[in-house]
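2 protein chains.
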Amino acid sequence: MAKTPSDDEVRARLDAVAYGLAVTPGFRIADLDAASTPSFDAGRTEGEKLLARMGERMSDLQERLYAHGRTGGNRSVLLVLQGLDTAGKGGIARHVLGLVDPQGVSLKAFGRPTPEELEHDFLWRIRKALPPAGRIGLFDRSHYEDILVPHAAGTADADELTARFDAIEQFERELVAGGTTIVKVALWVSRDEQYARLRERLERPDKHWKYSPNDVDVRLARPAYEAAYDEVLARSSYDIAPWYVVPADRKWFARLATSALLLRALLDLGLGWPEPTFDVTTELARLDATR
Amino acid sequence: MAKTPSDDEVRARLDAVAYGLAVTPGFRIADLDAASTPSFDAGRTEGEKLLARMGERMSDLQERLYAHGRTGGNRSVLLVLQGLDTAGKGGIARHVLGLVDPQGVSLKAFGRPTPEELEHDFLWRIRKALPPAGRIGLFDRSHYEDILVPHAAGTADADELTARFDAIEQFERELVAGGTTIVKVALWVSRDEQYARLRERLERPDKHWKYSPNDVDVRLARPAYEAAYDEVLARSSYDIAPWYVVPADRKWFARLATSALLLRALLDLGLGWPEPTFDVTTELARLDATR
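Line by line, the protein sequences are chains A and B.
So the first sequence is numbered by full-length UniProt numbering: it starts at 1 and just counts up by one.
So the second sequence is numbered by full-length UniProt numbering: it starts at 1 and just counts up by one.
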């Protein structure tokens, strides 16, 4: 049996993963090898074993986070997931957040805005869905759709896009100041893998519900989306909330890499167990009197 | 390897479990053997194996339910969990709902009502937390607290309690008519087991956050709560939403029994995969043109 690595060793390894996924200046998403597995060359079987081990650690840290949230702490973690159709956002929700207690998780999938949502600023529905203190939140799509979609469709001019970038940065700085750690992940699949996954949704009756004719329209607009992602990654990767790009043709790797980023964020909170808010000796005596 | 049982065999077995947990006329909760394991005499190891197998089945049925919710279906399942402190409600949320995709689950824990909630009818906050179509909802405590607490404290007269029972029955009938299956479970621990669990929360620093001095106050009022539960179980067990009482001194059994009740509800929905809302041949051709 392998020796359990120390926290410092785990942390160094997670830093290496994060470094390998970080957005670098001049990055173009069309150049990414979506089948690559940066910082991890041990293959799928080892990857799945490692994911299970990381899950145990995440589960322990998630409980500490939850405990702090229940006793007045303000920390939370928000995982922002972006990606084209079939990139595997739902699989991350299921297989990564499925590793921890569902009570400590707050999931929100953003679709096309409703008429009520359109009557408000674009961040209104986002603010309403923020994870409460003590939770790990997951946004399946997010406020970045409000840049990606008009950018790709060409329906917003440069000033409007700049205003949205500014609003988002201010919003994220406010969240971080309030105790939220933001982990932004763009999952990226190749054209070929996207084709194969859409084809499977059309071929299998148990997958039909996941398909929408709009998926093909968006696929046809893929170059415009690539340009939109490039701009988002370049303009909204900053110290307090950088973007990570996760190659997602191999589902096991996308889950492993995203888990690594999440585990790193949880470790960084440095949470022990909260101090009791009552006198333990007194309460032991009160309890024993009821025996 | 054991032969996979047919749906009819599974259903017959689940019916037997439900029958063994159903509330019978004249039932008194103080008479329940909380360490018993009705309809299941194979022990913990077998119980845990069976739970894992049921989890796979639940997971498949949950995905069908979710698929229907995404394509216009109105069905949902609501698990209402009641029980005294330490009865294991959180463990059910974690270990039973943890068996299925977190995206398909909607969890709500009800605490003491907030000032805003108190300005509304007692069902206002309950309605706001109902699971959307396609989801499995879990209420950790529920509208039944609005009978149990005043009943145990003696702060509501008979007419008020009757009015609440009537409002609840009308509300539940409305939910069922709208497509929701309601599964009501009261988890019950013995006095001794409750003592041991509270003692553990006081002895272990990683459990302190789960303890509240109020837990001892409620323990002292246990006979009043027993009477309140007896009245709730007798007066709100009706055809469309009966109560089940799950002996919960053995955590593995409480999880197994609650899972069985939930699986039975999911099987009863009889859901296949939804029909496509588009023409498959047309879409295959459109997709192939993008290859």
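Glycine included, every Cβ here is placed at the ideal spot set by N, Cα and C.
Because the structure is a prediction, the values reported are computed rather than measured.
Closer than 8 Å to chain B by CB, residue i
{"i": "A:Glu169", "result": "no"}
{"i": "A:Arg127", "result": "no"}
{"i": "A:Pro5", "result": "no"}
{"i": "A:Pro131", "result": "no"}
{"i": "A:Pro205", "result": "yes"}
{"i": "A:Pro276", "result": "yes"}
{"i": "A:Met1", "result": "Because the pLDDT of A:Met1 is 48, which lies under 50, any placement of that residue in the model is unreliable, and the number read from its coordinates should be weighed accordingly. A:Met1 does not count as touching chain B."}
Cβ-Cβ separation, residue j to residue i (assumed contact under 8 Å), whole Å
{"i": "A:Leu79", "j": "A:Val183", "result": "5 Å"}
{"i": "A:Ala248", "j": "A:Gly88", "result": "5 Å"}
{"i": "A:Val100", "j": "A:Ser59", "result": "5 Å"}
{"i": "A:Gly83", "j": "A:Ala224", "result": "Their Cβ separation, rounded to whole angstroms, is 16 Å, which puts A:Gly83 and A:Ala224 out of contact at 8 Å."}
{"i": "B:Gly91", "j": "B:Lys251", "result": "6 Å"}
{"i": "B:Arg199", "j": "A:Leu287", "result": "6 Å"}
{"i": "A:Ala34", "j": "A:Ser190", "result": "4 Å"}
{"i": "B:Leu107", "j": "B:Val232", "result": "Contact doesn't hold; Cβ gap of about 22 Å is too wide."}
Per-residue contacts from residue i into chain B (C-beta, under 7 Å)
{"i": "A:Ala67", "result": "Trp209"}
{"i": "A:Gly90", "result": "Gln103"}
Closer than 8 Å to chain A by CB, residue i
{"i": "B:Arg70", "result": "yes"}
{"i": "B:Trp273", "result": "yes"}
{"i": "B:Pro25", "result": "no"}
{"i": "B:Arg11", "result": "no"}
Contact set between residue i and chain B, taken where Cβ atoms lie within less than 8 Å
{"i": "A:Val280", "result": "Leu202, His208"}
{"i": "A:Thr290", "result": "Tyr195, Val216, Arg219, Leu220"}
Listed by chain order, chain A residues near residue i by CB distance under 8 Å
{"i": "B:Glu283", "result": "Leu202, Tyr211, Pro213, Val216"}
Proximal residues of chain A, C-beta to C-beta of residue i below 9 Å
{"i": "B:Ala93", "result": "Asp101, Pro102, Gln103"}
Identity of the residues DSSP links to residue i by a beta bridge
{"i": "A:Lys184", "result": "A:Val80, A:Trp243"}
{"i": "B:Asp157", "result": "None; B:Asp157 has no bridge partner."}
{"i": "A:Gly137", "result": "A:Leu78, A:Ser106"}
{"i": "B:Tyr238", "result": "B:Ala241"}
{"i": "A:Ala22", "result": "A:Tyr244"}
Per-residue contacts from residue i into chain A (C-beta, under 7 Å)
{"i": "B:Arg199", "result": "Leu287"}
Below-8 Å beta-carbon distance, residue i vs any chain E residue
{"i": "B:Asn74", "result": "This model lacks chain E altogether; the protein chains it does include are A and B."}
Note to self: Counting only Cβ-Cβ distances shorter than 7 Å, please list the residues of the stretch 95-121 of chain B near chain A, keeping chain order.
What the structure shows: Cβ contacts with chain A come from Leu97, Gly98, Asp101, Pro102, Gln103, Val105, Leu107.
Next item on the list: Below 8 Å between beta carbons is the criterion; list the residues of the stretch 232-250 of chain B that meet it against any residue of chain A, in chain order.
Entry: Those residues of the stretch 232-250 of chain B that come within reach of chain A (Cβ to Cβ, closer than 8 Å) do not exist; the list is empty.
Check: Looking at chain A, which residues of the stretch 145-163 of chain B have a Cβ within less than 8 Å of any of its Cβ atoms?
Finding: Flagged: no residues at all.
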